[in-house]
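*Asks:*
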Amino acid sequence: MTEASGYKTFHGLPELAGLCSMERAVESDWSLEQSVGRLKRLHFILRRLHEVLTAKITAEPIYELKTAFSYHAYLCAEQVSLIRRRVAEMREPPLGLDKVPDPALQRVMDEIEAAPTTGELLVSVYRWLTDEILASCKQLQTDAHPLADAPTVRVARLICFELQDLAEFGRRAIPEVVDEASHDSMADWIDHLRQCLAAAGGLDGTKTVTNEMPAAWHDPAGICYQKEPARDERFHDPYNAGVNPEAFLYDASFDPQDKTLMMYYKRLREIDVPEMMASILVELRDEEPWDFHMEMSRQLWDEARHAMMGEVGFVSVGIDWTQIPINFTWSRNLNLQLDARQRHGVLFFIEQGLMPRTGKRYEWEVATESGDSLSKLFQDFDWADEVLHAQIGRRWYVPRHQSLQQSLAYGSDCWSQVLSHYREYQNQGLTQHRNWWPELYQQACEKWEKTPDPRSMAFCTTYEDTRADLKRIDPS
Ligand SMILES: [Fe+2]
Ligand SMILES: [Fe+2]
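Taking my numbering, the leading residue of the sequence shown gets 1, the next gets one more, and so forth.
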């Protein structure tokens, strides 16, 4: 029996605050350098995964994947921040967190980013890389000294916990999206990824480097961000701007219950915000510090949540939302016509406009009066999220301008530069701007068992000459 195994605590209470046994605690096979080294490798992989998933949001057509990538990119960002904080506690700076810890790790992530199909992305990220990250974190929990390096053990444990959502999503999603044949054809590429990782000594660098790094499989030139948003087949008539929900919402003469439909529509339409914000994050990848990316990533995820709240809202009323044209011209026009700084200006201008009495509080009040408890709940949290977003804008966008007023004027100007192309889309046959509102309203009234209000039924204000903030669009 060693000294440690015979160690007795007072009343037999768990030793060392329950962290580990005394036998484990007397082992000295760990150092701060090893801890920092492993964390930096995990940091690199998670940061690149955050970038890869963010870059796929805009052009991924499938809504369920768009929202999942938004969530998972945000989760990765949280882990990155967690690791950065821990590394900074360990006699660093210089943190050296922007350095590539191993060229073979870089190759792995570049290969995944260059994946030409959604299937390859899903299999490589969710069936392979996530497992590698989880295994590294579990190994770190085992290897790090449980007492001396307890904060690192905690970080590794938290990462394992949070990334379970990625593993579980992949487990359910991959069989639905990737058929067996394409799965088999990917086996060689996944093997190639394994070889690259082996050339790095594994994700955490603890394994012996057994082979040379193989030549690139995918052409790195294939890493090209596509900024034009794509939607799946349920999103028909996406150029339709034939219904202006803000005009309905801010008209005091309409019934609050009727307005909940317009609010659910506005929420669901917000899927265009992640599509647009992803372009800001990709284009400013190397220009802004990590905290910018962290906060903007949280905001991006919130906007995806808002879209899903709209989806849930329609389900709660018993309405098939896919019959409604969910417009994508806001993200499309911003992404194709403005640069990243200008887009950020528009985003801030719009979100700042949501703060006064006529904005998010008003939507929550309408929801409260409507009697629709789900609408009230969603608007309550939507309002809170938007307050946070306005603060994020004040931290990261406003200081680039001389004053708040000037930053707002810039955002408004940028928005005015974006042409709505209302008539052009019609002339090109892309949409007829069909007024979808009366049909939707009629269906909702049947579900609500109420007689439609003839004035609501007759609503037909479009976006032809009015912006979403109800400012007139100059026709010139
Ligand atoms: Fe939102
Ligand atoms: Fe927002």
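Yeah, the Cβ is synthetic: ideal placement off N, Cα and C, and Gly gets one too.
To the nearest angstrom, how far is it from the Cα of residue 302 to the Cα of residue 385?
*Replies:* Taking the straight line joining both Cα atoms gives about 7 Å.
*Asks:* For residue 395, which option in 291, 414, 439 has the closest C-alpha, if you only look at C-alpha atoms?
*Replies:* Out of 291, 414, 439, 291 has the C-alpha closest to the C-alpha of residue 395.
*Asks:* Would you say the beta carbon of residue 481 comes nearer than 7 Å to a heavy atom of ligand 2?
*Replies:* With the chain covering only 1 through 476, there is no way to say anything about residue 481.
*Asks:* Judging by CA-CA distance, which residue of 102, 277, 197, 406 is the nearest neighbour of residue 129?
*Replies:* Nearest option by C-alpha distance: 197.
*Asks:* Mind the definition here: the stretch 97-107 touches the stretch 37-45 only if three or more C-beta pairs lie below 8 Å; say whether that holds.
*Replies:* At 8 Å Cβ cutoff, the stretches touch.
*Asks:* Should the stretch 48-59 be called in touch with the stretch 218-229, which here means at least 3 C-beta pairs below 8 Å?
*Replies:* Judged by Cβ distances under 8 Å, the stretch 48-59 makes contact with the stretch 218-229, as three or more pairs qualify.
*Asks:* Can you grab the Cα-Cα spacing for the pair residue 502 / residue 408, in whole Å?
*Replies:* With the chain covering only 1 through 476, there is no way to say anything about residue 502.
*Asks:* Between residue 80 and residue 442, what straight-line distance do the alpha-carbon atoms span, to the nearest angstrom?
*Replies:* Between residue 80 and residue 442, the C-alpha separation is close to 48 Å.
*Asks:* My parser needs the alpha helix (DSSP H) runs of 4 or more residues fully inside the stretch 106-156; what are they?
*Replies:* Correct list: 118-122, 130-143.
*Asks:* Kindly indicate the opening and closing residues of the alpha helix (DSSP H) around residue 45.
*Replies:* Segment 32-57, the alpha helix (DSSP H) holding residue 45.
*Asks:* Give every residue of the same chain whose Cβ lies closer than 8 Å to the Cβ of residue 475, excluding the five residues on either side of it in the sequence, and list them in chain order.
*Replies:* Here the model assigns residue 475 a pLDDT of 40, short of 50, so the residue's position is not dependable, and the following value carries that caveat. Here the set comprises 465.
*Asks:* Return the chain-ordered list of same chain residues with a C-beta closer than 7 Å to the C-beta of residue 316, the five sequence neighbours on each side being excluded.
*Replies:* Here the set comprises 374.
*Asks:* CB of residue 273 to nearest heavy atom of ligand 1: below 7 Å?
*Replies:* Yes, the Cβ of residue 273 comes within 7 Å of a heavy atom of ligand 1.
*Asks:* Quick one: is the Cβ of residue 478 within less than 7 Å of any heavy atom of ligand 2?
*Replies:* The structure shown has nothing for residue 478, since the chain only spans 1 to 476.
*Asks:* According to the Cβ coordinates, are residue 68 and residue 297 closer than 8 Å?
*Replies:* Result no, Cβ atoms of residue 68 and residue 297 do not sit closer than 8 Å.
*Asks:* Does the Cβ-Cβ distance between residue 365 and residue 389 come in under 8 Å?
*Replies:* Their beta carbons are not under 8 Å apart, which means residue 365 does not touch residue 389 by this criterion.
*Asks:* Nearest by alpha-carbon distance to residue 216: which of 190, 455, 73, 248 is it?
*Replies:* The shortest C-alpha separation from residue 216 is found at 190.
*Asks:* Please look up how many angstroms separate the CB atoms of residue 25 and residue 50, rounded, as I've assumed it's under 8 Å.
*Replies:* That pair is no contact at about 35 Å.
*Asks:* Ligand 2 heavy atoms versus the CB of residue 385: any closer than 7 Å?
*Replies:* Yes, the beta carbon of residue 385 sits closer than 7 Å to at least one heavy atom of ligand 2.
*Asks:* Looking at C-alpha atoms only, which residue of 114, 341, 425 is the closest neighbour of residue 401?
*Replies:* Closest by alpha carbon: 341.
*Asks:* Is residue 451 helix, strand or coil by DSSP?
*Replies:* In the structure shown, residue 451 sits in coil (DSSP, three-state: anything other than H, G, I, E or B).
*Asks:* For residue 174, I'd like the list of residues in its chain whose CB is within less than 7 Å of its CB, leaving aside the five on either flank, ordered along the chain.
*Replies:* For residue 174, where only same-chain residues beyond five positions count, the Cβ hits under 7 Å are 122, 123, 126, 127.
*Asks:* Which of the three DSSP states, helix, strand or coil, is assigned to residue 466?
*Replies:* Reduced to three states, the DSSP call for residue 466 is strand.
*Asks:* Are three or more beta carbon pairs between the stretch 430-448 and the stretch 238-249 nearer than 8 Å?
*Replies:* Touching, yes, given that three or more Cβ pairs across the two stretches are closer than 8 Å.
*Asks:* Kindly give me the distance between the Cβ atoms of residue 263 and residue 367, rounded to whole angstroms, as I take these residues to be in contact under 8 Å.
*Replies:* The Cβ separation is near 7 Å, so the contact holds.
*Asks:* Would the beta-carbon of residue 295 fall within 8 Å of that of residue 268?
*Replies:* Not a contact, by the Cβ cut-off of 8 Å.
*Asks:* Could you tell me if the beta carbon of residue 295 falls within a distance shorter than 7 Å of some heavy atom in ligand 2?
*Replies:* For ligand 2, not one heavy atom lies less than 7 Å from the Cβ of residue 295.
*Asks:* For residue 6, does the count of other Cβ atoms within 10 angstroms reach 16, so buried, or fall short, so exposed?
*Replies:* So residue 6 ends up on the exposed side.
*Asks:* Shortest alpha-carbon distance to residue 64 belongs to which of 86, 131, 176?
*Replies:* Answer by Cα proximity: 176.
*Asks:* Around the Cβ of residue 199, are there at least 16 other Cβ atoms within 10 angstroms (buried) or fewer (exposed)?
*Replies:* Buried: at least 16 other Cβ atoms inside 10 Å.
*Asks:* Which class does residue 329 belong to by DSSP, given the choice of helix, strand or coil?
*Replies:* Helix.
*Asks:* I think residue 506 touches residue 39, with their Cβ atoms under 8 Å apart; what is that distance to the nearest whole Å?
*Replies:* The structure shown does not extend to residue 506, since the chain is modelled only from 1 through 476, so no value can be given for it.
*Asks:* Taking the beta carbon of residue 272 as the centre, do at least 16 other beta carbons fall within 10 Å, making it buried, or is it exposed?
*Replies:* Its Cβ being crowded by 16 or more others within 10 Å, residue 272 is buried.
*Asks:* Sorry if obvious, but does the Cβ on residue 246 come closer than 7 Å to a heavy atom of ligand 2?
*Replies:* Residue 246 Cβ: outside cutoff for every heavy atom of ligand 2.
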